[in-house]
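If you read the sequence shown in our numbering, its first letter stands for residue 13, the second for the next number, and so on.
Using N, Cα and C, we set each Cβ at its ideal position, and we do this for glycine too.
Nothing here was measured: the structure is a model prediction, and the numbers come from that model.
To keep things clear, I will list the structure first and then write my remarks on it.
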Amino acid sequence: MVVNSNWTDISRTGYEALTQGNFDKAEQLFRSAITHCGFEQEDLRLAYSFLVLGRCLSQKGDYSEAEPMYRKALEIYEKVHGPSHEDVAYYICGQAKCRLQCGQYDSAGNFYRRALTIYEKLKGAEHEDTANTLDSLGQCYMAQREYEKAIEVYDRAAKIFSKARGPYDERVADSLFSLARCHDELNEDRLAAPIFHRALEIYEQQPEPDREQLANCRYNLARCYQGLREFLKAEPLYHKSLEYFQQSKGLERSAAYCTFALATCYMVSGDY
Numbered sequence: 013m014v015v016n017s018n019w020t021d022i023s024r025t026g027y028e029a030l031t032q033g034n035f036d037k038a039e040q041l042f043r044s045a046i047t048h049c050g051f052e053q054e055d056l057r058l059a060y061s062f063l064v065l066g067r068c069l070s071q072k073g074d075y076s077e078a079e080p081m082y083r084k085a086l087e088i089y090e091k092v093h094g095p096s097h098e099d100v101a102y103y104i105c106g107q108a109k110c111r112l113q114c115g116q117y118d119s120a121g122n123f124y125r126r127a128l129t130i131y132e133k134l135k136g137a138e139h140e141d142t143a144n145t146l147d148s149l150g151q152c153y154m155a156q157r158e159y160e161k162a163i164e165v166y167d168r169a170a171k172i173f174s175k176a177r178g179p180y181d182e183r184v185a186d187s188l189f190s191l192a193r194c195h196d197e198l199n200e201d202r203l204a205a206p207i208f209h210r211a212l213e214i215y216e217q218q219p220e221p222d223r224e225q226l227a228n229c230r231y232n233l234a235r236c237y238q239g240l241r242e243f244l245k246a247e248p249l250y251h252k253s254l255e256y257f258q259q260s261k262g263l264e265r266s267a268a269y270c271t272f273a274l275a276t277c278y279m280v281s282g283d284y
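So, in structure tokens, the structure goes:
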């Protein structure tokens with residue numbers, strides 16, 4: 013049997029394996045710690061072991077297995093610290109993410125709203141943890157097609173990130189891109205276009221821009237311009253997006269959609 017004094021070494025080795033991407037090794041070590049270390053039911057080391065095991069399983073895509081690990085960790089932390097502790101909010105978000113990935117959007121949203129309440133109370137309405145939770149809540153609303161609610165939380169998140177990190181941080185662009193997508197889904201091209209444009213400006217100024225995200229942002233902005241019948245603005249954006257999609261493996265479907273959209277743009281503008 014592993015004695016409690018060995019837990020520090022086990023957890024350190026397991027966490028290093030997790031950060032290095034060796035999820036199988038990390039999972040094995042933390043399962044061993046949970047099974048053999050003989051912790052009391054309210055020992056925070058047991059909660060930590062459940063937490064990191066949940067992260068290992070999440071990284072492997074085993075969200076249905078990860079969710080009960082987060083739940084067990086959460087139960088311990090709530091007993092030790094009470095329901096409104098910062099660490100409790102962190103565990104709640106882990107459990108919420110698992111439910112989001114499993115398609116349990118309503119349940120995930122409830123968890124994120126609970127975590128949001130804790131973060132707003134403990135850290136304030138303009139803290140980055142609040143913004144991160146707002147972003148995640150927006151994903152739940154988007155998945156449920158509750159676009160008006162998603163617009164509200166993405167707009168808040170973008171403003172918080174902008175104030176905390178500066179207006180040209182990539183997290184600002186991510187929130188703006190999601191915000192623009194909500195307006196796009198509501199066929200509000202006139203509102204979506206300038207937000208997509210702002211997000212694109214930020215993505216383009218990153219030291220190492222994500223080329224796929226750039227292509228997706230240009231494509232969505234082009235669609236808005238096309239909807240506004242601003243074809244001269246839409247065409248070059250389609251071309252830039254299509255160039256990337258055609259050169260990238262696994263993006264054949266995106267290339268097809270972009271080609272069709274470009275053809276439609278030419279047709280609607282009368283350039284047969």
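DSSP places arginine 125 in the helix class (H, G or I) of the three-state scheme.
In terms of Cβ geometry, leucine 63 and tyrosine 27 do not form a close pair [threshold 8 Å]. Under the three-state reduction of DSSP, glycine 262 is assigned to coil, being neither helix nor strand.
When DSSP states are grouped into helix, strand and coil, glutamine 53 belongs to the coil group.
Taking arginine 125 as reference, the option from Val165, Lys261, Gln258, Lys91 with the minimal CA-CA separation is Val165.
Within the segment 64 to 99, the complete alpha helix (DSSP H) segments of 4 residues or longer fall at 75 to 93, listed in chain order. Pairing tyrosine 215 with alanine 185 gives a Cβ-Cβ distance under 8 Å. Residue state for histidine 139 is assigned as coil, using DSSP reduced to three classes. The beta carbon of isoleucine 46 lies closer than 6 Å to those of Ser61 in the same chain, with the five residues before and after it left out.
In the structure shown, serine 281 falls within a coil segment according to DSSP collapsed to helix, strand and coil.
Per DSSP, the unbroken alpha helix (DSSP H) holding leucine 188 starts and ends at 182 to 197. Sequence-distant Cβ neighbours of leucine 146 in its own chain, meaning closer than 6 Å and more than five residues away, are Val165, Arg168, Ala169. Here the segment 248 to 263 makes contact with the segment 220 to 233; the two share three or more CB pairs at distances below 8 Å. Just so you know, the alpha carbons of histidine 93 and proline 80 end up roughly 20 Å apart. Scanning Gly262, Ala85, Gln259, Thr276 for the CA closest to the CA of glutamate 247 turns up Thr276. If you look at asparagine 228, you'll find it in the alpha helix (DSSP H) that goes 223 to 239.
With a threshold of 16 other beta carbon atoms within 10 Å, lysine 133 falls short and is exposed.
Aspartate 118 is classed as exposed because its beta carbon has fewer than 16 other beta carbons within 10 Å across all chains shown. For glutamate 213 and alanine 120, the gap between their C-alpha atoms comes out near 32 Å. Here threonine 142 is buried, its C-beta having at least 16 other C-beta atoms within 10 Å. Secondary structure at glutamate 200: coil, using DSSP grouped into helix, strand and coil.
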